[in-house]
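Structure first, commentary second.
2 protein chains.
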Amino acid sequence: MPVAPPPPSDLPLNGLRAVEAAARLGGFAAAAADLGVTPGAVAAHVKGIEALLGAPLFIRDARGVRLTEVGARCLPSLTAAFDALGAAGHVLRSEAAPMRLSLACLPAIAQLWVQPRQDALLAAFPGLSLSITALEQPPATKRHGFDVTLFFGPGQDWLMPVAAPGRVEGPCLADAVWSGDWTTWRAGAGPAFQDRPTGPVHSLYALAIEDALAGRGVAMGRLSLVAGLLSQGRLVEVGPRVAFDQMMIARAVHPGRTARAVAGWLQRELS
Amino acid sequence: MPVAPPPPSDLPLNGLRAVEAAARLGGFAAAAADLGVTPGAVAAHVKGIEALLGAPLFIRDARGVRLTEVGARCLPSLTAAFDALGAAGHVLRSEAAPMRLSLACLPAIAQLWVQPRQDALLAAFPGLSLSITALEQPPATKRHGFDVTLFFGPGQDWLMPVAAPGRVEGPCLADAVWSGDWTTWRAGAGPAFQDRPTGPVHSLYALAIEDALAGRGVAMGRLSLVAGLLSQGRLVEVGPRVAFDQMMIARAVHPGRTARAVAGWLQRELS
DNA sequence: ACTGAGGATCAGAAAACCTGAGGCTTTGCC
DNA sequence: GGCAAAGCCTCAGGTTTTCTGATCCTCAGT
Numbered sequence: 000m001p002v003a004p005p006p007p008s009d010l011p012l013n014g015l016r017a018v019e020a021a022a023r024l025g026g027f028a029a030a031a032a033d034l035g036v037t038p039g040a041v042a043a044h045v046k047g048i049e050a051l052l053g054a055p056l057f058i059r060d061a062r063g064v065r066l067t068e069v070g071a072r073c074l075p076s077l078t079a080a081f082d083a084l085g086a087a088g089h090v091l092r093s094e095a096a097p098m099r100l101s102l103a104c105l106p107a108i109a110q111l112w113v114q115p116r117q118d119a120l121l122a123a124f125p126g127l128s129l130s131i132t133a134l135e136q137p138p139a140t141k142r143h144g145f146d147v148t149l150f151f152g153p154g155q156d157w158l159m160p161v162a163a164p165g166r167v168e169g170p171c172l173a174d175a176v177w178s179g180d181w182t183t184w185r186a187g188a189g190p191a192f193q194d195r196p197t198g199p200v201h202s203l204y205a206l207a208i209e210d211a212l213a214g215r216g217v218a219m220g221r222l223s224l225v226a227g228l229l230s231q232g233r234l235v236e237v238g239p240r241v242a243f244d245q246m247m248i249a250r251a252v253h254p255g256r257t258a259r260a261v262a263g264w265l266q267r268e269l270s
Numbered sequence: 000m001p002v003a004p005p006p007p008s009d010l011p012l013n014g015l016r017a018v019e020a021a022a023r024l025g026g027f028a029a030a031a032a033d034l035g036v037t038p039g040a041v042a043a044h045v046k047g048i049e050a051l052l053g054a055p056l057f058i059r060d061a062r063g064v065r066l067t068e069v070g071a072r073c074l075p076s077l078t079a080a081f082d083a084l085g086a087a088g089h090v091l092r093s094e095a096a097p098m099r100l101s102l103a104c105l106p107a108i109a110q111l112w113v114q115p116r117q118d119a120l121l122a123a124f125p126g127l128s129l130s131i132t133a134l135e136q137p138p139a140t141k142r143h144g145f146d147v148t149l150f151f152g153p154g155q156d157w158l159m160p161v162a163a164p165g166r167v168e169g170p171c172l173a174d175a176v177w178s179g180d181w182t183t184w185r186a187g188a189g190p191a192f193q194d195r196p197t198g199p200v201h202s203l204y205a206l207a208i209e210d211a212l213a214g215r216g217v218a219m220g221r222l223s224l225v226a227g228l229l230s231q232g233r234l235v236e237v238g239p240r241v242a243f244d245q246m247m248i249a250r251a252v253h254p255g256r257t258a259r260a261v262a263g264w265l266q267r268e269l270s
């Protein structure tokens with residue numbers, strides 16, 4: 000009697016999700032972050048799937064993991080499947096509560112741009128139930144439950160130093176994420192402010208702007224984010240504008256009545 | 000400081016699977032059977048999803064469940080997603096072990112048709128690792144891990160009473176599932192064997208055939224299943240053949256080298 | 001050689017999951 | 001009308017799965 004091997008047991012869904020995330024992101028740690036668990040959990044899931052299949056899907060070495068041949072051939076269908084699942088989840092959510100909407104954006108955008116427009120947005124969409132989540136990175140996939148994203152993408156914006164009126168002499172204020180903005184600006188405007196001391200470096204851009212508002216120095220402003228404060232006179236431009244190749248972009252992650260309408264409204268506000 | 004994202008709570012995969020199964024099969028009990036759990040577990044999963052969504056997906060009444068409007072709009076994308084997942088799982092399995100193949104068929108087919116041909120099949124596909132699973136019903140979806148199915152479907156076959164040579168006088172043997180075959184045959188051949196007592200009724204067709212082989216009575220044979228025994232002379236036909244509108248059909252559940260080849264081989268054996 | 005990133009491993013703890021019994025409502029059938 | 005059969009619901013309890021947190025290991029770059 001030849002072999003009558005194992006039963007055709009189904010593969011655990013959560014395990015497949017771990018495999019897909021690890022393959023897509025190129026590492027267990029990244030996958031773990033994506034899934035909101037620890038790397039150990041991802042490793043265990045992947046190991047479980049590999050055991051069920053009887054073949055390794057990843058080659059481990061000290062600096063990460065790579066897909067095996069077999070794994071690489073499986074990735075496209077896995078990704079397609081989880082994209083479909085994400086879409087299905089989205090349909091469920093939007094059908095169940097059409098006026099509930101979740102927006103993902105950078106912390107700086109949330110505080111400086113969305114916050115001041117929130118009342119207008121809610122007035123434009125009566126009944127809208129809005130939740131705003133600040134993320135450092137735009138969600139990598141369409142599976143994260145967000146309806147609309149608002150992040151920087153390719154486009155045209157302006158950089159210029161800003162300070163509170165009459166308080167233009169303080170140190171240079173910067174934040175950790177966009178510290179490169181000063182460099183970019185100087186490349187276009189020359190070595191201005193070179194002699195200034197560097198002030199506190201915040202983890203959040205909005206905190207640097209707060210410091211500038213409080214007269215504690217000069218911040219590097221992205222026009223789209225500080226235009227409101229400039230027109231209110233709470234900040235003034237203290238140097239030339241320099242073109243910047245990133246701009247805010249609002250997009251609906253999945254097609255859906257409300258999401259599309261809100262993304263359109265935001266995009267209109269942007270221009 | 001990495002922002003701690005308040006998770007945009009993803010929907011649990013197992014819950015979605017329960018919802019999809021219940022929606023597709025029209026009942027929690029059926030879904031439970033499909034998923035291999037108890038109805039209570041399905042109910043709990045569905046309830047969990049409904050709670051997360053904040054809207055009911057099913058209307059319960061005493062004779063089962065129906066989808067709500069919302070649920071009905073969600074079903075297509077859910078089904079598509081789980082079909083995609085099933086396909087992905089299948090790719091994984093076949094990539095990991097290309098020569099491993101699992102066949103699903105009726106118990107009667109397994110015992111009377113597949114078993115005698117197993118050596119020939121393995122000879123035709125060297126290295127094939129075959130597992131055979133007997134199911135009363137063909138798997139309803141493509142998600143059950145089977146590579147090839149072999150069941151009765153629309154087509155042309157023959158029914159006729161069979162018995163061991165020289166032992167044609169015993170009672171009518173029948174099995175529980177195909178007891179209708181006697182009725183069908185009499186409808187075409189007239190009231191023959193009406194006066195015979197009814198012998199033991201087995202749960203498995205193959206047991207009725209065993210009884211016939213042992214000379215304990217007359218069984219109603221489907222030609223495709225008993226042809227081998229007839230040509231060996233172990234059974235003889237003891238009445239006219241009557242046309243029957245179901246025949247065995249082999250099909251590959253998912254496209255795949257081995258599955259397609261084996262299904263083709265089986266189909267060729269059938270004709 | 002030191003350091004840091006990324007994995008593996010393991011035990012304990014937490015969460016999710018399943019079962020099994022009992023109850024309720026409706027339908028179909030004497 | 002009374003009765004049985006289907007289905008679904010709830011709940012308690014236990015079991016399995018899953019996650020974490022600490023520790024160790026390996027490798028690459030400095």
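For the protein sequence lines, the chains are A and B, in the order given. Reading the first sequence from the start, the letters are residues 0 to 270 in numbering that gives the first Met the number 0. Reading the second sequence from the start, the letters are residues 0 to 270 in numbering that gives the first Met the number 0. Each residue gets a CB set at the ideal place from its N, CA and C atoms; glycine is no exception. Remember, it's a predicted structure, so these values are computed and weren't measured experimentally.
query, result
"Test item: CB-CB of B:Gly85 and B:Thr132 under 8 Å", "no"
"Which of helix, strand or coil DSSP assigns to A:Asp174", "strand"
"The beta strand (DSSP E) enclosing A:Ser76, as first and last residue numbers", "It is not in any beta strand (DSSP E) - A:Ser76 instead sits in the alpha helix (DSSP H) that spans 68 to 95."
"Simplified DSSP assignment, three categories, for B:Ala249", "strand"
"Whole-angstrom distance between A:Ser223 and B:Val252, CA atom to CA atom", "55 Å"
"Reduced DSSP category for A:Thr182 - H, G, I as helix; E, B as strand; rest coil", "helix"
"Own chain residues within Cβ distance below 7 Å of A:Ile58, not counting five before or after", "Val64, Arg65, Thr67"
"Complete runs of the beta strand (DSSP E) confined to the region 98 to 175 of chain B [at least 3 residues]", "99 to 104, 128 to 133, 147 to 162, 171 to 174"
"Within chain A, the residues that B:Glu268 reaches when beta carbons sit closer than 7 Å", "Here the premise fails: no neighbours, minimum Cβ distance about 18 Å."
"Proximity test, Cβ basis, 8 Å: A:Asp9 and chain B", "yes"
"Partner residues on chain A for B:Arg72, Cβ-Cβ distance less than 8 Å", "Val90, Glu94"
"Reduced DSSP category for A:Pro38 - H, G, I as helix; E, B as strand; rest coil", "helix"
"DSSP-derived helix/strand/coil call for B:Asp210", "helix"
"Chain-ordered chain B contacts of A:Gly53 [CB-CB under 7 Å]", "Ala95, Ala96"
"A:Ala218: first and last residue of the uninterrupted beta strand (DSSP E) it sits in", "217 to 221"
"Interface residues of the region 227 to 255 of chain A facing chain B [CB-CB below 9 Å]", "none"
"A:Asp9, DSSP secondary structure in three states", "coil"
"Cβ shell of A:Asn89 (< 6 Å), same chain only, five flanking positions each side left out", "The identity of residue 89 of chain A in the sequence shown is His, whereas the question assumes Asn. Counting only Cβ-Cβ distances below 6 Å, and skipping sequence neighbours, we find His253."
"Short-range partners of chain A found in the region 72 to 86 of chain B, where Cβ spacing is below 9 Å", "Arg72, Cys73, Pro75, Ser76, Leu77, Thr78, Ala79, Ala80, Phe81, Asp82, Ala83, Leu84, Gly85, Ala86"
"Short CB-CB distance (under 8 Å) between A:Arg65 and chain B", "no"
"Neighbour flag for A:Val36 against chain B, beta carbons, 8 Å", "no"
"Any chain A beta carbon closer than 8 Å to B:Val41", "no"
"Straight-line Cα distance separating B:Ala103 from B:Pro164", "33 Å"
"Run of the alpha helix (DSSP H) containing B:Arg233, from where it starts to where it stops", "Neither: B:Arg233 is in no alpha helix (DSSP H) and is coded neither H nor E."
"Sequence-distant residues of the same chain with beta carbon closer than 8 Å to B:Met0, five excluded per side", "In this predicted model, B:Met0 has a pLDDT of only 34, less than 50, meaning its place in the structure is not dependable enough to derive any value."
"Chain B within 8 Å of A:Ala17, Cβ atoms only", "no"
"CB contact flag (B:Leu100, B:Ser128, <8 Å)", "yes"
"Distance CB(A:Phe27)-CB(A:Val36) smaller than 8 Å", "no"
"Cβ-Cβ separation, A:Gly152 to A:Gln266 (assumed contact under 8 Å), whole Å", "The pair is not a contact, with the Cβ atoms about 12 Å apart (cut-off 8 Å)."
"CB contact below 8 Å: B:Val69 versus chain A", "yes"
"For B:Arg259, three-class secondary structure by DSSP", "helix"
"Residue-level contact to chain A via CB, B:Ala205, 8 Å cutoff", "no"
"Inter-residue Cα distance where the pair is A:Phe81 and A:Gln117", "33 Å"
"Distance between beta carbons of B:Val161 and B:Gly220, contact taken as under 8 Å", "4 Å"
"C-beta contact flag for A:Arg250 and A:Val113 at 8 Å", "no"
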